[in-house]
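The numbering of the sequence shown is full-length UniProt numbering, which starts it at 1 and goes up by one. Here's the structure we're looking at; comments come further down.
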Amino acid sequence: MSQVLAALGILHETAEQTRIITPYADGLKAFEAFLAGAAAPGAKLRTMIYGCTLQPFFDALIEAHRCSADVKVIFDHTQATGRAEAPQIERLCEAGLVDGEHFLIGTSPVHHQIVHLKATVIWTPDGKVGVEDGSWNYSTNASQQMNDLCFTASPGLADYYTQAFERLWAWVLANEPQYQGDAR
């Protein structure tokens, strides 16, 4: 079965996971602890996110950037232009993160649909890797709703998400200049 799934581009593996369901568990506290791994020289963070208004996430991006971590985020276009998310993205610019270098705003490569993923990959300087994914948007309301967050220690899953990230990053740069920088 693993060979069939791999041939289809599907990751199949067993990995160490921690899953929580909000509002029964504190998703924000768990997510902040996860993000702390990005605030170090040599760390690397990649995020693809739909619905991102969570101030602690933006604070963590800014802190990671200040610490010389390699930070890149893809925000969904439909959400990034909203009244709650746009000011947070402006904070990134004010803190020195560069549109087109540290973050992009875009859509899915098929019919310009939404980027509905909610996933972050962090590599720490000591070689550890963690992936956060699930239904939990990066917003304060997400912890009050029925959502799940999954934290996985898996180089395979990290590579899987990173490959998707790199493909989407290249596609957005090539096909959606209208959502970047001064064009916004």
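Quick reminder that beta carbons are idealized off the backbone N, C-alpha and C, glycines included. Keep in mind that this is a model prediction, so the values were computed, not measured.
Distance between residue j and residue i (C-alpha atoms, nearest Å)
| i | j | result |
| --- | --- | --- |
| Trp123 | Gly130 | 7 Å |
| Pro125 | Pro109 | 32 Å |
| Glu90 | Glu176 | 19 Å |
| Met146 | Thr81 | 25 Å |
| Pro56 | Lys29 | 10 Å |
| Gly37 | Lys72 | 15 Å |
| residue 187 | Leu35 | Here the chain has residues from 1 to 184 only, and residue 187 is not among them. |
| Phe165 | Glu132 | 14 Å |
| Ala15 | Gly181 | 39 Å |
| Gln79 | Thr107 | 10 Å |
| Glu32 | Ala170 | 29 Å |
| Ile114 | Lys128 | 31 Å |
| Asp148 | Tyr179 | 30 Å |
Residue environment, residue i, which counts as buried when at least 16 other CB atoms sit within 10 Å
| i | result |
| --- | --- |
| Glu85 | buried |
| His112 | exposed |
| Leu104 | buried |
Span of the alpha helix (DSSP H), counted from its first residue to its last, around residue i
| i | result |
| --- | --- |
| Ile20 | From DSSP, Ile20 is part of no alpha helix (DSSP H) but of the beta strand (DSSP E) over Glu16 to Thr22. |
| Ala43 | Where Ala43 is concerned, there is no enclosing alpha helix (DSSP H), given that its DSSP letter is neither H nor E. |
| Ala27 | It should be pointed out that residue 27 corresponds to Gly in this sequence rather than to Ala. Gly27 to Leu35 is the extent of the alpha helix (DSSP H) around Gly27. |
| Asp59 | Gln55 to Arg66 |
| Ile89 | Glu85 to Glu94 |
Cβ-Cβ distance between residue i and residue j below 7 Å
| i | j | result |
| --- | --- | --- |
| Arg19 | Cys150 | yes |
| residue 237 | Glu13 | Residue 237 lies beyond the residue range present for the chain, which begins at 1 and ends at 184; the question has no answer from this structure. |
| His116 | Tyr50 | yes |
| Leu54 | Ser139 | yes |
| Ser44 | Asp76 | Per the sequence shown, the amino acid found at residue 44 is Lys instead of Ser. No, these two residues do not count as a Cβ contact at 7 Å. |
| Ala158 | Val121 | yes |
| Ala25 | Cys67 | no |
The ligand NAD heavy atom lying under 6 Å from the CB of residue i
| i | result |
| --- | --- |
| Gln163 | Among the components of this structure there are no ligands whatsoever, and the ligand NAD is therefore not found. |
Residue span of the beta strand (DSSP E) that contains residue i, given as start and end
| i | result |
| --- | --- |
| Trp123 | Lys118 to Trp123 |
| Cys150 | Asn147 to Ala153 |
| Lys72 | Asp70 to Asp76 |
| Glu132 | Val129 to Gly134 |
At least three beta-carbon pairs within less than 8 Å, the region 62-69 to the region 89-97
yes
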